[in-house]
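Per UniProt numbering, residue 1 is the first one in the sequence shown, and the count goes up by one each step. Report on the structure given below.
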Amino acid sequence: MAELRHATAAAAATRASSSPAKRDAESSASSSPFVASSSSPRGGGGGDGKDGAPRSSAPLHHQKYHFPSPLRSLLALEDPRSPTASASYRILVAVVACLFVAALVSAPSVWSRINAPYLCRKDGIRLHCPRVNERESLWENPHAAAASWKPCAERRNLVPENETSGYIFIHAEGGLNQQRIAVRMFFPHIISLLKLYCICNAVAIAKIMNATLILPVLKQDQIWKDQTKFEDIFDVDYFINYLKGDVRIVRDIPEWFTEKDELFTSIKRTVKNIPKYASAQFYIDNVLPRIKDKKIMSIKPFVDRLGYDNVPMEINRLRCRVNYHALKFLPEIEEMAEKLATRMRNRTGNVNPYMALHLRFEKGMVGLSFCDFAGTREEKAMMADYRQKQWPRRFKNGSHLWSLALEKRKEGRCPLEPGEIGIILRAMGYTKETQIYVASGQVYGGSNRMAPLRNMFPNLVTKEDLSSKEEIEHFKKHVTSLAALDFLVCLKSDVFVMTHGGNFAKLIIGFRRYMGRHRLKSIKPDKGLMSKFFGDPYMPWATFVEDVMITHQTRTGLPESTFPHYDLWENPLTPCMCRA
Numbered sequence: 001m002a003e004l005r006h007a008t009a010a011a012a013a014t015r016a017s018s019s020p021a022k023r024d025a026e027s028s029a030s031s032s033p034f035v036a037s038s039s040s041p042r043g044g045g046g047g048d049g050k051d052g053a054p055r056s057s058a059p060l061h062h063q064k065y066h067f068p069s070p071l072r073s074l075l076a077l078e079d080p081r082s083p084t085a086s087a088s089y090r091i092l093v094a095v096v097a098c099l100f101v102a103a104l105v106s107a108p109s110v111w112s113r114i115n116a117p118y119l120c121r122k123d124g125i126r127l128h129c130p131r132v133n134e135r136e137s138l139w140e141n142p143h144a145a146a147a148s149w150k151p152c153a154e155r156r157n158l159v160p161e162n163e164t165s166g167y168i169f170i171h172a173e174g175g176l177n178q179q180r181i182a183v184r185m186f187f188p189h190i191i192s193l194l195k196l197y198c199i200c201n202a203v204a205i206a207k208i209m210n211a212t213l214i215l216p217v218l219k220q221d222q223i224w225k226d227q228t229k230f231e232d233i234f235d236v237d238y239f240i241n242y243l244k245g246d247v248r249i250v251r252d253i254p255e256w257f258t259e260k261d262e263l264f265t266s267i268k269r270t271v272k273n274i275p276k277y278a279s280a281q282f283y284i285d286n287v288l289p290r291i292k293d294k295k296i297m298s299i300k301p302f303v304d305r306l307g308y309d310n311v312p313m314e315i316n317r318l319r320c321r322v323n324y325h326a327l328k329f330l331p332e333i334e335e336m337a338e339k340l341a342t343r344m345r346n347r348t349g350n351v352n353p354y355m356a357l358h359l360r361f362e363k364g365m366v367g368l369s370f371c372d373f374a375g376t377r378e379e380k381a382m383m384a385d386y387r388q389k390q391w392p393r394r395f396k397n398g399s400h401l402w403s404l405a406l407e408k409r410k411e412g413r414c415p416l417e418p419g420e421i422g423i424i425l426r427a428m429g430y431t432k433e434t435q436i437y438v439a440s441g442q443v444y445g446g447s448n449r450m451a452p453l454r455n456m457f458p459n460l461v462t463k464e465d466l467s468s469k470e471e472i473e474h475f476k477k478h479v480t481s482l483a484a485l486d487f488l489v490c491l492k493s494d495v496f497v498m499t500h501g502g503n504f505a506k507l508i509i510g511f512r513r514y515m516g517r518h519r520l521k522s523i524k525p526d527k528g529l530m531s532k533f534f535g536d537p538y539m540p541w542a543t544f545v546e547d548v549m550i551t552h553q554t555r556t557g558l559p560e561s562t563f564p565h566y567d568l569w570e571n572p573l574t575p576c577m578c579r580a
């Protein structure tokens, strides 16, 4: 009976060992490199130990593990030159070597991307900016935009060359036509800031020719009757001292030069016919020889007579040094502007941010644009007469104006009306309580034209509203001083918004980019896209808001390279800023 039971158990064991499940389990266990081996390292028999006795089942953590042949060879557990090394070892080594080489090659690129500064890339007319994990703010650009760049056009401790090639003298002016248009717009900012351009370019040209610059004269405006001198608006001593390492600057014409009248009237003493945006080499080849010959020469006209892309990088950096560091307003102008900005921030009783709006909708700007705007028949007829009188060549017979006006509006070349900019700002998320400082001349259409904007944003104020009659009267002596006040209050604002192009807005945006390091928002509306939205009466408000938000995500003064033919006054990044 016992033999029968023994035979039955043996047969069952044989069947179990030959079952498919048992064979699959054994096969998968033997193929795993991390399963304890049941064979002796020397190839001993079966499951027996060295003496042939069955191996005892030890705990798992006491069992010895063996790696596959390629891994054992790689870990120096087996000689790769031995006959047991397989082709898989060579493949593994090749893969590891390739990965190592790829890591070495890509490491610099990966590191540079990790540490790359915040910089937007221009693709046609669109600007693509890096994404950041920050909550969007109505009042500030992303922190990465501010932390990536720093100003680097500060004063250098250099000593100019001992010898000078001669003296140059310029009139800082805006040109007769530009002055005439500025007057018709009742807006003096363009005159004042064109003079500022001239001063920056005058220093740059003196550096190019190693000449001594006679302190520029701000040309007296015959229509505004403004007789502002350089020392009436800027700190002359600071200006000369700050730039002494770059250029020699003297206050007056040298005493040994007795023919002062010729400097203003004589052709022999005047360099004319300098092309617009001339190169540095043009001045060296054509102007410098005359200065060396005559010792003192005046240059006029002088607006836009020096290029940007055709001069050395250091010259553009010098222009930034003049604009952002050397030209310092007089203390009384700085103090009054600070008072106005402080009053703007405290109008609600608590410290609040404020917006500065550069509203370009004066009569001259509307007329010069040749765009069509809403208004009565009488207003349109009066504007047509005004345009025909002031610009007869452009007006022709007036039959072409409607199609031309539509085309210009689609291209974004028409000034935004006060009501239009109000709609855009509300779509961006600015509320009715927003405090807005308006830098503007006399708006065409008066209070009726301003009514839509004032209904949406009742807290609109000007410098006259923020100051007493006695305070502002002192600055009315010089039109340029009033422009300087608007300039500084806009500069100190939390958000700056422009409605149309112009030198004033360019300087503000460039200054805020340079000194604020791109943290301060400077909004530049996409007027062409807005014209399409305003022309669709069936567009829902929610869709309009979404389109406005998406369109203006990258139009807030973010860092971008100063691309060719780009005005460095609006974007000084490439020549004048460095990685922080």
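For every residue, glycine included, the Cβ atom is placed at its ideal position computed from N, Cα and C. In this text, all values refer to a predicted model and were calculated from it rather than measured experimentally.
Per DSSP, reduced to three states, the secondary structure at T462 is coil, with no helix or strand assignment. Counting only residues of its own chain and dropping the five nearest sequence neighbours on each side, P458 has a CB closer than 8 Å to the CB of K432. Sequence-distant partners of A326 (beyond 5 residues in either direction) whose C-beta falls short of 6 Å from its own C-beta, in its chain, are F239, Y242, L243. Under the 10 Å beta carbon count, Y197 is surrounded by 16 or more other beta carbons and is classified as buried.
Nearest C-alpha to T543 among P289, R155, A427, C200: A427.
Judged by beta-carbon spacing, T212 lies within the 7 Å limit of T164, meaning their Cβ atoms are closer than that value.
Contact check for R269 and M297: beta-carbon distance about 6 Å, within the 8 Å limit, so the pair qualifies. Taking the Cα positions, L416 is about 19 Å away from A384.
Inter-segment contact for the segment 362 to 369 and the segment 505 to 520 is absent: fewer than three beta-carbon pairs are separated by less than 8 Å. Around the CB of H478, 16 or more other CB atoms lie within 10 Å, so the residue is classed as buried.
The segment 522 to 550 is shown to contain whole alpha helix (DSSP H) runs of 4 or more residues at 527 to 534, in chain order. Under the DSSP assignment, H143 falls in the alpha helix (DSSP H) whose first and last residues are 143 to 147. Of all alpha-carbon atoms in M355, R377, M515, S403, the one lying nearest the alpha-carbon of A439 is that of M355. H552 counts as buried, since at least 16 other C-beta atoms from the protein chains shown sit within 10 angstroms of its C-beta.
In this structure, the CA atom of D547 is about 11 Å from the CA atom of K532.
Between G510 and P572, the C-beta spacing is below 7 Å. Rounded to whole angstroms, the separation of the alpha carbons of A483 and L330 is 13 Å. Between S137 and P117, the beta carbon gap of about 20 Å keeps them out of contact (Cβ cut-off 8 Å).
A check of alpha carbon separations from L288 across C320, K207, M313 identifies K207 as the nearest. Looking from the CA of E154, the closest CA among V461, R321, T376 belongs to R321. Counting other Cβ atoms within 10 Å of its Cβ, S493 reaches 16 or more and is therefore classed as buried.
If you check the CB distance, I299 and I170 come in under 7 Å.
According to DSSP, residue pairing for I214 in a beta bridge involves V250. The residues V438, in chain order, have a CB closer than 7 Å to that of T462 in the same chain once the five nearest residues on each side in sequence are set aside.
One alpha carbon belongs to G419, the other to F373, and they sit about 12 Å apart. Per DSSP, reduced to three states, the secondary structure at L306 is coil, with no helix or strand assignment. Nearest C-alpha to G166 among D486, R512, I284: I284.
Looking at R248, G307, M450, K295, the one whose alpha-carbon comes closest to that of Y277 is G307. Contact between V497 and L357 holds, since their C-beta atoms are separated by about 5 Å, short of 8 Å.
Membership of K276 in any beta strand (DSSP E) is not indicated, and neither H nor E is assigned to it by DSSP.
The alpha carbon of P275 has as its nearest neighbour, out of E262, T265, F302, the alpha carbon of F302.
By a beta-carbon distance limit of 8 Å, L568 contacts N316. Their separation comes to about 6 Å. If the five residues before and after F563 are omitted, its C-beta is found closer than 7 Å to the C-beta atoms of K122, all from its own chain and listed in chain order.
C-alpha of R305 to C-alpha of V101: approximately 54 Å in a straight line. Of the candidates E473, C576, Q388, F361, the residue whose Cα lies closest to the Cα of G445 is F361. Annotation for V497: the continuous beta strand (DSSP E) segment containing it runs 495 to 498.
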